[in-house]
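Residue numbering for the sequence shown follows UniProt numbering, starting at 1 and increasing by one per position. Please read the structure below before turning to the comments.
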Amino acid sequence: MRAAVVAAVLALAASLVAVVALVLYIDAEDDALAACNVGGPGIRVELAGAELAEINGYGGVQLANAAAIINAGADLGLSVRDQTIGVMTAMGESSLQVLDHGDLAGPDSRGLFQQRDNGAWGTYEERMDPTASATMFFEKLAAVADRGLLPPTIVAHRVQVNADPYHYERYWRDAVAVVNGLAGEDLAALAASAGPSPCSALSVGAVTAEGWTSPILGNVRYSSAFGQRVHPITGQLTLHSGADLAAPDGHPIYAAADGIVTVAGPSSGGNSGYMVAVDHGGGVQSRYVHPWPSGILVRVGDVVTAGQQIARVGSSGNSTGPHLHFEIRVGGIPVEPIRFLADRGVELPGTRRATVAAAG
1 MRAAVVAAVL ALAASLVAVV ALVLYIDAED DALAACNVGG PGIRVELAGA
51 ELAEINGYGG VQLANAAAII NAGADLGLSV RDQTIGVMTA MGESSLQVLD
101 HGDLAGPDSR GLFQQRDNGA WGTYEERMDP TASATMFFEK LAAVADRGLL
151 PPTIVAHRVQ VNADPYHYER YWRDAVAVVN GLAGEDLAAL AASAGPSPCS
201 ALSVGAVTAE GWTSPILGNV RYSSAFGQRV HPITGQLTLH SGADLAAPDG
251 HPIYAAADGI VTVAGPSSGG NSGYMVAVDH GGGVQSRYVH PWPSGILVRV
301 GDVVTAGQQI ARVGSSGNST GPHLHFEIRV GGIPVEPIRF LADRGVELPG
351 TRRATVAAAG
């Protein structure tokens, strides 16, 4: 009897350990995913009477300004990732200093975020006030579509409209260090948000040495492969000349490599609705099919760079729902796009098994 009781207790203890381990695993995963989740928890920093040690070259008033930015984000209920984007942006604009001057591009720019006197950024006093200027920045940041799926520098660019969308990228690690330091804890989710895993949007967003990148980011669904198939609308057996990636209507589409736009409108024949085509030279062309007319963001003749947004996901033409139909053509002939990108170091989101199969 006693042996049976002991065995039952041990079994219960083992199950509790398993439950605790599962909870810890889920919590750790949730912490990491918080960097990709716009609704993740923010933080608040209290500096009253605190001695501020220098963090990555930033100290004193700069850190006090960073704290004001963080707390402005907290007041709006934003995530720690959003708050860190705010700190990163102010680093890139003013080195976390309240500047009472602009530059040649914006002589009327003022404050931590170099906000201009154009009616969009409040009064002079508001632009020169750390909390007020950060609040104005965050109010515009909160309106950025899919910001949880975008690299931090692109989110900042959508608000600031800097001439270089990647200007802020160099400040991200310092911003993470400053937020960690002011919070007094290691916010591991921040580090995850700038690079590989678990944010699929950010693990596929880099431009490879060959100059290629993913045309779409985020938690999209690989819905149809390249090759012969029965068309879901016509019922005919035809060549599906690209890969389909289902995504929300309006989701960003990016140029897969540098090139020149050769089509930005109706597709040939019209059955595929609207599309963008980019000539990359050497007989290589990429195609981005099914955006709505209003979702085409470039014109024929435009020079685009790898990672530049060129369209938004739609469902024009013969389509069963919003998705990107992505094609690669070499010498005018469609080729398997997943394998083509994989050979250049790029993995389309949601296609890992397909990539392995294509390489086999």
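Built from N, CA and C at the ideal position, the CB exists for glycine as well. The structure displayed is predicted, hence computed values, not measured ones.
According to DSSP, residues forming a beta bridge with residue i
i      : result
Pro252 : Arg312
Asp279 : Ile260 and Gln285
Val304 : Gly259
Arg110 : Gln115
Ser224 : Asp244
Trp212 : Ala257
Arg329 : Gln285 and Pro334
Leu324 : Leu245
Tyr58  : Ile55
Tyr274 : Pro266
Ile296 : Ala311
Check whether residue i and residue j have beta carbons under 8 Å apart
i           : j      : result
Arg221      : Ala246 : yes
Ala206      : Ala256 : no
residue 367 : Ser319 : Missing from the structure shown is residue 367; the chain here goes from 1 to 360 and no further.
residue 392 : Gly111 : Residue 392 is absent from the structure shown; the chain starts at 1 and stops at 360.
Asp249      : Thr262 : no
Asp141      : Val161 : Reading off the sequence, residue 141 comes out as Leu, not Asp. Result no, Cβ atoms of Leu141 and Val161 do not sit closer than 8 Å.
Gly211      : Asp258 : yes
Leu182      : Ile333 : no
Arg344      : Thr208 : yes
Val289      : Glu327 : yes
Ser214      : Val45  : no
Pro130      : Ala68  : yes
Tyr171      : Met88  : yes
Ala74       : Gly42  : yes
Phe113      : Ala132 : no
Environment of residue i [buried if 16+ CB atoms lie within 10 Å]
i           : result
Gly40       : Note that Gly40 has pLDDT 47, beneath the 50 cutoff, so the model's placement of it is unreliable and no number is given.
Thr238      : exposed
Asp244      : buried
Val303      : exposed
Ser109      : buried
Thr123      : exposed
Gln228      : exposed
Glu125      : exposed
Gly301      : exposed
Gly331      : exposed
Ala4        : Any reading at Ala4 needs caution, since the residue's pLDDT is 46, under 50, leaving its predicted position unreliable; the model's value is listed next. It is exposed - the Cβ of Ala4 has fewer than 16 other Cβ atoms within 10 Å.
Asn118      : exposed
Leu63       : buried
Glu93       : buried
Gln236      : exposed
Ser268      : exposed
His251      : buried
Gly281      : exposed
Leu96       : buried
Ser197      : Low confidence applies to Ser197: its pLDDT is 32, below 50, so where it sits in the model is not reliable, and the reading given next is rough at best. Result: exposed.
Leu217      : buried
Gly184      : exposed
Leu104      : exposed
His157      : buried
Ala145      : exposed
Leu190      : Any reading at Leu190 must be qualified, since the residue scores a pLDDT of 49, below 50, and its modelled position is unreliable; the value itself is stated next. Leu190 should be labelled buried.
Ala342      : buried
Gly283      : exposed
Ala66       : buried
Gly265      : exposed
Gln285      : buried
residue 361 : The shown model of the chain, from 1 to 360, leaves out residue 361, and the question about it has no answer.
Gly77       : exposed
Ala72       : buried
Short CB-CB distance (under 8 Å) between residue i and chain D
i      : result
Leu237 : In the structure shown, chain D cannot be found, because there is only a single protein chain.
Check whether the region 50-62 and the region 75-82 are in contact - that is, three or more C-beta pairs closer than 8 Å.
no
Do the region 319-330 and the region 213-228 touch if we need at least three Cβ pairs shorter than 8 Å?
yes
If we count Cβ pairs, one from each stretch, closer than 8 Å, do we get three or more for the region 175-182 versus the region 83-102?
yes
At a cut of 8 Å, does the region 129-136 reach the region 151-158 through at least three beta carbon pairs?
no
Stretch pair the region 332-351 + the region 310-319: three plus CB contacts closer than 8 Å:
no
Is the number of C-beta pairs between the region 270-280 and the region 288-304 that are closer than 8 Å three or more?
yes
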